[in-house]
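The structure appears right after this line, and notes come after that.
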Amino acid sequence: MNPNIVETINVAREVAWLPWAVQYFFLIGLSYGAFLLSLPGIVFRRPTWGGVSRLALLGALVCGLSAPVALLADLHQPGRFWHFYAYFTPTSWMSWGAFFIPIYLGGLIVYGWLAFRPDLARHAASGGRLAGVAGTLAYGGHESRGALKAAALLAFVGAALVALYTGVEVAVVRARPLWNTPLLPVQFFITALAGATGLALVFNRFSSRDAAHTLTLSRVLAATQALALAIGALWLALGVSGLSPVHAKALAEVGPSANWQISAVWAAAATALTLLLAWKRPGSGLLVGLLALHSAWMMRWSIFIGGQEVPKTGAGYYSYSLPLGPEGLMGIVGTAGLWIFLFVLITSLLPLDRIAAGAADKAGV
Amino acid sequence: MKSCSDSSSLLASPSRRAFLRGVPVVTAAAAVAPTPAIAATGRHQWAMLVDVRKCIGCQACTVSCIQENGVPEGSFRTVVSTYSVKLTDSAQPAGTYVLPRLCNHCDNPPCIPVCPVGATYKRDDGIVAVDGDRCVGCAYCVQACPYDARFINHETNKADKCTFCAHRVDAGLLPACVETCVGGARIFGDINDPNGELARRLKEAQPQLKALKPELETSPRVFYIGLDERFSGKVEGEGTLWKPRNLQSTAHG
Ligand code: SF4
Ligand code: SF4
Numbered sequence: 103m104n105p106n107i108v109e110t111i112n113v114a115r116e117v118a119w120l121p122w123a124v125q126y127f128f129l130i131g132l133s134y135g136a137f138l139l140s141l142p143g144i145v146f147r148r149p150t151w152g153g154v155s156r157l158a159l160l161g162a163l164v165c166g167l168s169a170p171v172a173l174l175a176d177l178h179q180p181g182r183f184w185h186f187y188a189y190f191t192p193t194s195w196m197s198w199g200a201f202f203i204p205i206y207l208g209g210l211i212v213y214g215w216l217a218f219r220p221d222l223a224r225h226a227a228s229g230g231r232l233a234g235v236a237g238t239l240a241y242g243g244h245e246s247r248g249a250l251k252a253a254a255l256l257a258f259v260g261a262a263l264v265a266l267y268t269g270v271e272v273a274v275v276r277a278r279p280l281w282n283t284p285l286l287p288v289q290f291f292i293t294a295l296a297g298a299t300g301l302a303l304v305f306n307r308f309s310s311r312d313a314a315h316t317l318t319l320s321r322v323l324a325a326t327q328a329l330a331l332a333i334g335a336l337w338l339a340l341g342v343s344g345l346s347p348v349h350a351k352a353l354a355e356v357g358p359s360a361n362w363q364i365s366a367v368w369a370a371a372a373t374a375l376t377l378l379l380a381w382k383r384p385g386s387g388l389l390v391g392l393l394a395l396h397s398a399w400m401m402r403w404s405i406f407i408g409g410q411e412v413p414k415t416g417a418g419y420y421s422y423s424l425p426l427g428p429e430g431l432m433g434i435v436g437t438a439g440l441w442i443f444l445f446v447l448i449t450s451l452l453p454l455d456r457i458a459a460g461a462a463d464k465a466g467v
Numbered sequence: 004m005k006s007c008s009d010s011s012s013l014l015a016s017p018s019r020r021a022f023l024r025g026v027p028v029v030t031a032a033a034a035v036a037p038t039p040a041i042a043a044t045g046r047h048q049w050a051m052l053v054d055v056r057k058c059i060g061c062q063a064c065t066v067s068c069i070q071e072n073g074v075p076e077g078s079f080r081t082v083v084s085t086y087s088v089k090l091t092d093s094a095q096p097a098g099t100y101v102l103p104r105l106c107n108h109c110d111n112p113p114c115i116p117v118c119p120v121g122a123t124y125k126r127d128d129g130i131v132a133v134d135g136d137r138c139v140g141c142a143y144c145v146q147a148c149p150y151d152a153r154f155i156n157h158e159t160n161k162a163d164k165c166t167f168c169a170h171r172v173d174a175g176l177l178p179a180c181v182e183t184c185v186g187g188a189r190i191f192g193d194i195n196d197p198n199g200e201l202a203r204r205l206k207e208a209q210p211q212l213k214a215l216k217p218e219l220e221t222s223p224r225v226f227y228i229g230l231d232e233r234f235s236g237k238v239e240g241e242g243t244l245w246k247p248r249n250l251q252s253t254a255h256g
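Below, the structure is given as structure tokens:
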């Protein structure tokens with residue numbers, strides 16, 4: 103900072119992408135990450151992955167269904183969402199995103215239904231809560247591998263497109279050097295996968311508490327944290343060395359801010375701690391799970407809200423304080439509420455234990 | 004339509020003139036001075052020249068813009084950013100630097116391609132406009148504008164910014180800020196009209212003509228005379244001391 107210049111009058115611009123946007127990027131990331139974790143057990147039938155993948159699929163569904171609501175709420179004209187479909191604009195990644203989301207969610211819902219159909223039938227047969235509804239939804243409860251694989255493929259293509267667009271949409275904004283780095287989409291992807299692993303660990307803790315599941319997930323988590331640290335180090339190296347001008351600009355933009363220094367140290371420490379625990383104490387499932395979820399959320403909060411605290415022309419930084427209304431806290435509480443509602447709804451039809459146990463669950467057979 | 008006349012009867016205060024002498028206009032940048040290309044269409048191509056040397060920082064433009072366009076409290080389409088600058092080569096400790104800011108109506112505007120519904124567009128006369136009936140308020144354009152020229156209007160819930168007072172221009176009037184500028188610092192006109200005031204003044208000022216953030220290649224249609232390099236991008240300095248009321252964001256250094 104140049105101490106010789108003091109800005110006495112300028113406009114402080116408000117954040118225009120609200121906490122709703124943070125929630126959207128967090129939830130859609132968790133969803134596609136969890137979807138990927140669902141593949142080894144459900145599609146490829148890897149023996150150690152069965153329960154893990156089913157818990158992950160539950161996470162993918164709950165997060166995937168709540169994410170679009172957060173996205174819609176971030177629009178200042180939510181009633182006009184149909185304009186996205188009426189006025190497709192190929193130059194805009196956001197416009198493409200409007201088409202990628204339904205591909206992903208459509209594929210995911212069909213895949214989820216096909217994967218859980220036999221469980222729904224088991225639940226109906228066991229006469230548990232909402233057994234009637236489960237029976238109707240099971241629609242015979244057959245397992246159809248071909249259809250399942252086709253739906254998984256569609257969801258996979260959708261997930262890849264969603265991961266691509268959510269990262270690139272932000273990374274192309276040249277006006278914000280912090281966002282405008284090619285590593286950003288990679289960082290979003292890795293932290294999304296880590297957060298999803300964390301979510302599956304939390305689900306596991308509250309269902310079967312299966313030690314083998316915890317071990318499998320801890321391994322994945324350790325790998326994601328190691329990758330996240332490596333990419334973070336690469337980001338910093340590119341910035342400090344000046345080898346990559348865009349990274350140097352990004353670093354120069356936030357480097358002098360004390361808030362950012364704290365955030366950076368916090369993020370690095372949390373990631374290192376998660377790595378250490380997941381690696382050395384793979385049994386600490388709940389703790390590392392929550393840590394990973396926290397890191398994934400914090401990363402998005404810092405990038406989106408923190409990024410918008412940097413004036414593009416004015417001096418210094420704006421400091422954001424979270425408003426309590428729909429523009430702020432309500433965005434976080436609202437999406438959390440919706441998430442819980444969906445979780446309760448799905449687990450009423452398909453209890454968590456039943457999901458974790460899968461075909462091994464003989465309760466109703 | 005006539006461009007604003009070159010009225011320099013109201014001069015800057017002596018202290019400010021002294022300051023301006025202390026801030027030499029860097030002429031080394033002349034080689035990269037923006038050239039206002041005369042559009043080949045033969046139609047009007049509106050642009051603005053801001054002569055920073057004549058701006059007295061009175062904010063008459065800021066106020067008239069708010070009045071003319073009904074800009075909600077706490078939001079601004081134009082503002083005169085004001086800086087206190089320590090002087091080293093003068094008896095007085097500090098001088099004031101003022102910089103009128105507005106949408107640059109860029110010829111290569113980053114705000115347009117990002118709009119997911121094509122609501123932001125460039126009119127044939129060069130004015131970058133928002134179709135309020137189409138805008139979904141996604142604020143992607145707000146993020147993409149490198150000049151912080153855009154905001155979400157809390158009354159309309161749509162993207163908002165300076166329109167060069169298109170409604171006035173279409174009726175043969177000058178933008179409100181140009182009309183009210185006390186120092187005659189804002190000159191508006193048609194770069195396609197070789198005999199017009201704007202084209203003439205741009206030509207005269209050519210060696211010292213500058214634009215904000217030229218490295219981004221946005222080709223602004225707002226040109227500056229007397230733009231100090233230290234203020235042409237993100238200003239390195241201590242943050243705003245004054246902020247509009249009712250804002251959730253505050254500013255600090
Ligand atoms: S100044 Fe900003 S809003 Fe105006 S045309 Fe350029 S990019 Fe768009
Ligand atoms: S806020 Fe409106 S004008 Fe801006 S990008 Fe979104 S839809 Fe387009």
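Chains as they are written, first to last, in our numbering: chain A, 103 to 467; chain B, 4 to 256. Think of the CB as a built atom: it goes at the ideal place given N, C-alpha and C, for glycine as much as any other residue. In this text, all values refer to a predicted model and were calculated from it rather than measured experimentally.
With distances taken from each beta carbon to the nearest heavy atom of ligand 1, which residues come in below 6 Å, in chain order?
B:106, B:107, B:108, B:109, B:112, B:113, B:114, B:131, B:148, B:150, B:152, B:153, B:164, B:221
Answer with buried or exposed for residue 382 of chain A, where buried requires no fewer than 16 other C-beta atoms within 10 angstroms of its C-beta.
exposed
With three or more C-beta pairs closer than 8 Å as the rule, is the region 228–240 of chain A touching the region 196–213 of chain A?
No contact exists between the region 196–213 of chain A and the region 228–240 of chain A.
So, is the C-beta of residue 160 of chain B closer than 7 Å to a C-beta in chain A?
It does; some Cβ of chain A falls within 7 Å.
Is residue 118 of chain A helix, strand or coil by DSSP?
coil
Could you check what DSSP says for residue 110 of chain B in three-state terms: helix, strand or coil?
coil
Would you grab the beta carbon distance between residue 166 of chain A and residue 207 of chain A for me? Rounded to a whole angstrom, and I think it's under 8 Å.
Yes, they are in contact, since the Cβ atoms of residue 166 of chain A and residue 207 of chain A sit about 6 Å apart, within 8 Å.
What are the residues of the region 118–147 of chain A that lie near chain B, defined by any Cβ-Cβ distance shorter than 8 Å?
Per Cβ criterion, the list reads 118, 119.
Would residue 466 of chain A count as contacting chain B if we go by Cβ distances under 7 Å?
For residue 466 of chain A, the predicted structure reports a pLDDT of 38, less than 50, and the residue's modelled location is therefore unreliable. The matter cannot be settled from this model.
Which ranges would you report for the alpha helix (DSSP H) in the region 241–306 of chain A if only whole runs of at least 4 residues count?
247–273
Does the beta carbon of residue 121 of chain B sit closer than 7 Å to a beta carbon anywhere in chain D?
No chain D is part of this structure, whose protein chains are labelled A and B.
Compute the Euclidean distance between the alpha carbons of residue 113 of chain B and residue 223 of chain B, then round it to the nearest angstrom.
11 Å
Is it right to say residue 213 of chain B is buried, meaning 16 or more other beta carbons lie within 10 angstroms of its own, or is it exposed?
buried
Would you mind telling me which residues of chain A sit closer than 8 Å to residue 151 of chain B, beta carbon to beta carbon, in chain order?
Chain A residues near residue 151 of chain B: 113, 115, 413, 414, 415, 416.
Can you tell me where the beta strand (DSSP E) with residue 150 of chain B in it begins and where it stops?
Counting along the chain, residue 150 of chain B falls outside any beta strand (DSSP E), and DSSP gives it neither H nor E.
Can you list, in chain order, the residues of the region 193–217 of chain A whose Cβ is nearer than 7 Å to any Cβ on chain B?
193, 194, 196, 197, 200
Secondary structure at residue 189 of chain A, three-state DSSP: helix, strand or coil?
Of the three classes helix, strand and coil, the one that applies to residue 189 of chain A here is coil, per DSSP.
Should residue 1 of chain B and residue 129 of chain B be called a contact, given that it needs their Cβ atoms to be closer than 7 Å?
Lying before the first or after the last residue shown, residue 1 of chain B is absent from chain B, which here runs from 4 to 256.
Helix, strand or coil for residue 339 of chain A? Go by DSSP, reduced to three states.
helix
Does the beta carbon of residue 314 of chain A fall short of 6 Å from some heavy atom of ligand 2?
no
Judging by CA-CA distance, which residue of B:106, B:132, B:166 is the nearest neighbour of residue 215 of chain B?
Selected option, being the one with the closest Cα: B:106.
Roughly how many angstroms lie between the CA atoms of residue 456 of chain A and residue 153 of chain A, to the nearest whole one?
9 Å
On a Cα-Cα basis, can you pick out the residue from A:107, A:429, A:130 that is closest to residue 295 of chain A?
A:130
Which residue comes first and which comes last in the beta strand (DSSP E) that contains residue 89 of chain B?
82–89
So with Cβ pairs under 7 Å, would you call residue 146 of chain B a contact of chain A?
yes
If the criterion is Cβ atoms closer than 7 Å, does the pair residue 55 of chain B and residue 229 of chain B meet it?
yes
Excluding sequence positions up to five away, which residues of its chain have a Cβ less than 7 Å from the Cβ of residue 326 of chain A?
So the list reads 292, 295, 296, 299, once near-sequence residues are dropped.
Quick one: which chain A residues come within Cβ less than 9 Å of residue 239 of chain B?
Under the 9 Å cutoff, chain A gives 103, 104, 107, 417.
Does the beta-carbon of residue 291 of chain B, which I'm using as the reference point, lie nearer than 6 Å to any heavy atom of ligand 2?
This structure does not reach residue 291 of chain B, given that chain B is present from 4 up to 256, and the question cannot be answered.
Can you check the region 168–194 of chain B for any alpha helix (DSSP H) of at least 4 residues that lies completely inside it and give the ranges in chain order?
169–173, 179–183
Between residue 53 of chain B and chain A, is there a C-beta pair that is closer than 7 Å?
Chain A, which has no Cβ nearer than 7 Å to the Cβ of residue 53 of chain B, makes this no.
Can you tell me whether residue 139 of chain B sits near ligand 2, meaning its C-beta is under 6 Å from at least one heavy atom of the ligand?
yes
Have a look at the DSSP bridge pairing and note the partners of residue 226 of chain B.
B:52
Check whether the Cβ of residue 213 of chain A lies closer than 6 Å to any heavy atom of ligand 2, and answer yes or no.
no
Who are the neighbours of residue 85 of chain B on chain A, taking C-beta pairs under 9 Å?
109, 110, 111, 112
So with CB distances below 8 Å, who are the chain B contacts of residue 177 of chain A?
Against residue 177 of chain A, the close residues of chain B are 139, 140, 141, in the order they occur along the chain (beta-carbon pairs closer than 8 Å).
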